[in-house]
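Some notes on the structure that comes next.
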Amino acid sequence: MFDGFWKLIDAQLKELESAKGADDVIRILASESCVGDGFFHGSGGDETVYDALLAAGWSFLWAEADYYYAMQAPDGSAITYIEGDIYRGNRR
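Residue numbers (the numbering used here): -12 to 79.
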């Protein structure tokens, strides 16, 4: 059970490494169990959303903690990450 879960998380992180905009992130991290536009279920793992997005050419707009930050994509769009919830845009 957990092996399949972490394989899915690894696949999402790998796909995030080529995300060019907020729409890509939201599509990759779509979840029916989220408050925002998407949700990252693997926040307890070793890898992070921001590491994957940095590899894709994203940059930080601001960061308060590793669980609360906003990043800008190569296409100029942005996402805000709050404890696993993904929101379109800069929600500071």
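In this text, a Cβ means the ideal position worked out from N, Cα and C, and glycines have one as well.
- 8 Å or more divides the Cβ of Met58 from the Cβ of Ile69.
- By DSSP's assignment, Ser46 forms a beta bridge with Gln59.
- DSSP, read as helix, strand or coil, puts Asp53 in coil.
- When DSSP reads this structure, Gly25 sits in a beta bridge with Ile73.
- Here Ala39 carries a helix assignment [DSSP, helix/strand/coil].
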